[in-house]
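Residue numbers (this note's numbering), protein chains in the order written: chain A, 102 to 435; chain B, 102 to 435.
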């Protein structure tokens, strides 16, 4: 695509706004869709997303609109950057404006709650598998750092290598290096499942259990991600790359991670109900924990960390006791 | 072995002192060897290692001595917990007091500089391969956390499974969980090579490059550890476990890590010569970087992160430029 082409970014949260901003800097014209009319109007006028991305000023090339038709008009590319549980509805509403020539890119990390589908599966189900060019973008991508031009990497995955290369061409820059993959399942599951482990990591920090425990937890977290991921058809190697291990480590380390923060607060003794009320952004790891556990049950797979996170959030299990149980599972060969 | 048996801990640095302390808590009598007579005398009198492990009081069961003969007298187990470059000499001096019935355990993470040997290879070379029972202990083990009773895991590796199980029995407790492995090469190399990546991680933090960059660096760091490790005979899976990925993540995250700290200061603009003068403990990653690069050259393997660390330390390469070069290597499939 030519740089003069238009890109629709659906979702003006912290990731969508960041993507709109960095793509506008690369010379694209952006249609940024925000479904709440008042927020769209404010963002269009102020040029700053004070809730989700304060300090970043959107240039005139970013056209903020509450109209999907306007955002997608003449767009060569359609990026989804919404909370996972809002994707299906947005996709249904966007469907009339999406054409087979457009490249559709999911930038959402999660699993749909009641169906347990990956995000690209939801898009395929809504738009029709044969009718669209579809790719996903996932990696160690704390939005605020990328918006500030700090170096980062990510992975573009698609079944058709040309679509992955197209995503790479759109995003690749000096400070945002895009690698390609054919393993859509692995790249999406890495991005979705690491949020559960990030919650557990936050708990370790909130409980003051230290770096030794956190290193062990991340190691075992990756192992349980791989157990489920490979059972669902992903390539094991994908999880050792940037979209797996890389994203996992970044999210477990960064205090800017929403999921880490939820875990930290749980570790500090807050209850999920209270935390939830105070959140301005969705912590994807919470619904993902439930979906992942159901998938694991279907596959007959053990996911002890995900189970602990689920029990702490939804069954008021004590975080310290849960972490102690995780750390004191029977000694055996590694 | 009975808990009344005696264990010799050779080396009263922060790890040796920690091991002596936790083993004494498990009921063993400890001979703790410190080669500097004045330090041994102070430690014996004060019962606190104010330089390396302040705040931890050694009980009377820990007998601190500058005499190897005394430390090893009637010892069923001999632990080495010294800087890697001091191991050979200490081992040579200890050799007359080590018997074939003793279990020798290396707790040292490094490579001998001029020979590029792993620590257990040095011990074997000095003591004679056939004459000893030999195991290694390595994992995500920030000493200060373990001394304070915070939960941690580690891996005991030996060629003879009985020796690995013996190490497990000696150390395994509620808060220090020991797993066994037969891959001595992999466990030792994971522990040694991660220190190089920890220096690079510290640089990322010192340069303020953010969590996205750090996640990418750790991912690629593990990949280059695995390239060298498998070429040297290690099992790839070992590096995905606690002694590989686990130790790597812990060391790259913890501000208590000496190697991370060296990197951080380099990233902040200090020169190695100045940093070195101020260190009270050895940063193992520095000599290991050189040894690893030489081994990689022999094997025809690329280790770009280790090379960057080496060039920054020994050739005054600019850390920012080196990190930029690492992050902007050519885009390609992952």
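Don't be surprised by glycine CBs; every beta carbon is placed ideally from N, CA and C.
If you compare alpha carbons, which of the options is closest to residue i?
i, options, result
"residue 391/A", "376/A, 283/A, 372/A and 411/A", "411/A"
"residue 140/B", "130/B, 118/B, 156/B and 127/B", "118/B"
"residue 283/A", "258/A, 155/A, 195/A and 207/A", "258/A"
"residue 202/B", "173/B, 149/B, 290/B and 238/B", "173/B"
"residue 368/B", "428/B, 378/B, 210/B and 306/B", "306/B"
"residue 192/B", "106/B, 225/B, 113/B and 204/B", "225/B"
"residue 199/B", "153/B, 251/B, 370/B and 108/B", "108/B"
"residue 205/A", "176/A, 316/A and 166/A", "176/A"
"residue 276/A", "294/A, 262/A, 252/A and 293/A", "252/A"
"residue 338/B", "287/B, 184/B, 319/B and 163/B", "287/B"
"residue 169/B", "209/B, 113/B and 215/B", "113/B"
"residue 214/B", "377/B, 379/B and 187/B", "187/B"
"residue 190/B", "179/B, 227/B and 221/B", "227/B"
"residue 395/A", "217/A, 362/A, 195/A and 377/A", "217/A"
"residue 210/B", "292/B, 317/B and 376/B", "292/B"
"residue 397/B", "254/B, 352/B, 424/B and 327/B", "327/B"
"residue 167/B", "425/B, 137/B and 317/B", "137/B"
"residue 365/B", "413/B, 393/B and 403/B", "413/B"
"residue 355/B", "315/A, 222/A, 248/A and 379/A", "315/A"
"residue 357/A", "274/A, 246/A and 340/A", "246/A"
"residue 374/B", "230/B, 415/B, 342/B and 318/B", "415/B"
"residue 436/B", "353/B, 261/B, 330/B and 344/B", "Given that chain B is displayed from residue 102 to residue 435, the structure contains no residue 436/B and the question cannot be resolved."
"residue 161/B", "378/B, 340/B and 146/B", "146/B"
Using a Cβ-Cβ cut-off of 6 Å (strictly less than) and excluding sequence neighbours within five positions of residue i, which residues of its own chain qualify?
i, result
"residue 272/A", "279"
"residue 219/A", "289"
"residue 234/A", "204 and 264"
"residue 148/A", "158 and 159"
"residue 133/A", "110, 113, 121, 163 and 165"
"residue 438/A", "What is shown of chain A runs 102 to 435, which leaves residue 438/A out entirely."
"residue 184/A", "383"
"residue 250/B", "276"
"residue 106/A", "177"
"residue 353/A", "299, 302 and 319"
"residue 336/B", "284 and 287"
By Cβ distance, which residues of its chain are closer than 8 Å to residue i, with the 5 residues on each side in sequence left out?
i, result
"residue 405/B", "321, 325, 427 and 430"
"residue 104/B", "Annotation note: pLDDT 48 at residue 104/B (below 50); position unreliable, coordinate value reported separately. Contacts found: 127, 128 and 129."
"residue 334/A", "286"
"residue 116/A", "182, 208, 242 and 244"
Going along the chain, which residues of its own chain have a beta-carbon closer than 7 Å to the beta-carbon of residue i, five neighbours each way excluded?
i, result
"residue 269/B", "257, 279 and 281"
"residue 144/A", "113, 135, 150 and 165"
"residue 408/B", "394"
Would you please verify whether the beta carbon of residue i is less than 8 Å from any beta carbon of chain C?
i, result
"residue 247/B", "No chain C appears in this structure, whose protein chains are A and B."
Could you tell me whether the stretch 289-309 of chain A touches the stretch 318-327 of chain A, where touching means 3 or more Cβ pairs closer than 8 Å? yes
Going along the chain, which residues of the stretch 417-429 of chain B sit with their C-beta nearer than 9 Å to a C-beta in chain A? 424, 425, 428 and 429
Within the stretch 139-180 of chain A, note down every full beta strand (DSSP E) run reaching 3 residues or more, in order along the chain. Correct list: 154-158 and 163-166.
When you compare the stretch 145-164 of chain A with the stretch 116-131 of chain A, are there three or more beta-carbon pairs, one atom per stretch, that lie closer than 8 Å? yes
Contacting positions in the stretch 256-277 of chain B - beta carbon closer than 7 Å to chain A: Correct list: 256, 269, 273 and 275.
Contacting positions in the stretch 348-361 of chain B - beta carbon closer than 9 Å to chain A: 348, 349, 350, 351, 352, 353, 354, 355, 356, 357 and 358
Taking beta-carbon pairs under 8 Å, can you tell me which members of the stretch 157-181 of chain A lie near chain B? Residues: none.
Please list, in chain order, the residues of the stretch 280-295 of chain B that have any C-beta partner in chain A closer than 7 Å. Those residues of the stretch 280-295 of chain B that come within reach of chain A (Cβ to Cβ, closer than 7 Å) are 280, 281 and 282.
Quick check: the stretch 231-246 of chain A against the stretch 307-316 of chain A, are at least 3 beta-carbon pairs closer than 8 Å? no
Cβ pair count under 8 Å reaching 3, the stretch 377-397 of chain A against the stretch 342-355 of chain B: No, the stretch 377-397 of chain A does not touch the stretch 342-355 of chain B.
By the 7 Å beta-carbon criterion, what residues does the stretch 303-318 of chain A contribute toward chain B? 310, 311, 312, 313, 314, 315, 316 and 317
Every unbroken beta strand (DSSP E) inside the stretch 102-137 of chain A [3 residues or more]: Runs of the beta strand (DSSP E) inside the stretch 102-137 of chain A: 107-111 and 130-134.
Sufficient close CB pairs (3 or more, under 8 Å) joining the stretch 414-423 of chain A to the stretch 364-378 of chain A: Touching, yes, given that three or more Cβ pairs across the two stretches are closer than 8 Å.
Which residues of the stretch 130-157 of chain B have a Cβ closer than 8 Å to any Cβ of chain A? Give them in chain order. none
Just list the alpha helix (DSSP H) runs in the stretch 178-230 of chain B, keeping only unbroken ones of 4 residues or longer that don't cross its boundaries, in chain order. Fully enclosed alpha helix (DSSP H) runs of 4 or longer: 188-195 and 220-228.
Within 8 Å of chain A by C-beta, residues of the stretch 107-120 of chain B in sequence order: none
Using a Cβ-Cβ cut-off of less than 7 Å, list which residues of the stretch 181-201 of chain A approach chain B; keep chain order. Listed in sequence order: no entries.
What are the complete alpha helix (DSSP H) segments, minimum 4 residues, inside the stretch 241-319 of chain A? You should have 244-248, 262-272 and 285-307.
Run through the stretch 346-409 of chain A for me and flag every whole beta strand (DSSP E) of 3 or more residues, listed as ranges in chain order. none
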